[in-house]
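**Q**
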Amino acid sequence: MAAVRRSLLIAALALLAPLAAAPAAARVEPIAPVTAADRTIGRPDAPVTVIEYASFSCPTCANWHQFVWPVFKQRLVDTGQVRFVFRNLPTQPEQMSLPAAALARCAAPGRFFEVTSILMAGQAAVLRGGDREDWYAPAIAASGRTQAQIEACATTPATRAAINRDVETAHAAGAHHTPSFFVNGRPVSDRSLGGLEVAVRAALAER
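Listed below in structure tokens is the structure:
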């Protein structure tokens, strides 16, 4: 029965259609404001908002979440200086990045960042040819949802609309690669811990 359930999950997530490509020459607009639909961590009234556009099949994103995020969170989010927002910008192979985005999106909101960290940590094994079912399993276990709930949620129009909204806001803001970071609405090209800390300090100084 467990093998059947795993196969159903793969089939359910595979129903997500590929995303549209970025427009060839779009006018850059201000970053879309944070809404209740976003996945955030940190004080809602923090003086600085950092938005990341990332993909679950992007090795650079996985590296950032494994080695930079824990310290970034400790220094800037846990101290109340930053509200951090994760938005999806799925990249190739989309049969990997898009289902993972849906899975994370369907986790209980309070478990989103834990699930994200688990998926990022397991990404390399999948890119080397590992089984996606083995990748999903610990993420589902940490999601606060049952596998059946994840399956049902992942293929709903609401989930797909939320991912599409992330993609559209990324393209509108000129973010076409992952990871892309915005600090109080301004793009930051240096995604290192030091580079982001400098940008956060500058944003704090402008208040």
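Using my numbering, the first residue of the sequence shown is number 5, and each one after it goes up by one. Every residue, glycine too, gets a C-beta built ideally from N, C-alpha and C. In this text the structure is predicted, and so the values were computed from the model without any measurement.
Just mark alanine 162 as buried or exposed, buried being the case when its beta carbon has 16 or more other beta carbons within 10 Å.
**A** Taking the first residue of the sequence shown as 1, we reach residue 162 at position 158. Per the 10 Å Cβ criterion, exposed.
**Q** Grab me the residues of valine 202's own chain with a C-beta within less than 8 angstroms of its C-beta, minus the 5 sequence neighbours each way, in chain order.
**A** In the sequence shown, counting from the first residue as 1, residue 202 sits at position 198. Closer than 8 angstroms at the Cβ level, and outside the excluded window around valine 202, lie Asp194.
**Q** Spatial neighbours of tryptophan 73 within its chain, please: C-beta separation below 8 angstroms, excluding the five flanking residues on both sides.
**A** Counting from one through the sequence shown, the residue named residue 73 turns up at place 69. So the qualifying residues of the chain are Ser121.
**Q** Pair every Cβ in the region 50-65 with every Cβ in the region 82-99, then say whether three or more of these pairs are closer than 8 angstroms.
**A** These segments touch.
**Q** Could you pull out every residue in the same chain whose Cβ sits closer than 8 angstroms to the Cβ of proline 34, ignoring the five residues on either side in sequence?
**A** If you number the sequence shown from 1, residue 34 lands on position 30. Closer than 8 angstroms at the Cβ level, and outside the excluded window around proline 34, lie Ala177 and Gly189.
**Q** From what residue to what residue does the beta strand (DSSP E) around proline 97 run?
**A** Residue 97 sits at position 93 when you count from the first residue of the sequence shown. Where proline 97 is concerned, there is no enclosing beta strand (DSSP E), given that its DSSP letter is neither H nor E.
**Q** Check whether the Cβ atoms of valine 32 and phenylalanine 185 sit closer than 8 angstroms, and answer yes or no.
**A** Locating residue 32 in the sequence shown gives position 28, where the first residue counts as 1. Locating residue 185 in the sequence shown gives position 181, where the first residue counts as 1. Result no, Cβ atoms of valine 32 and phenylalanine 185 do not sit closer than 8 angstroms.
**Q** Which residue's Cα is closest to the Cα of phenylalanine 117: Phe71, Ser147, Val187 and Val204?
**A** Here residue 117 is taken as the residue at index 113 of the sequence shown, counted from 1. Considering only alpha carbons, the answer is Ser147.
**Q** Would you call the CB atoms of proline 113 and arginine 43 closer than 8 angstroms?
**A** By one-based count along the sequence shown, residue 113 stands at place 109. By one-based count along the sequence shown, residue 43 stands at place 39. Against a cut-off of 8 angstroms, the Cβ pair of arginine 43 and proline 113 comes out as a contact.
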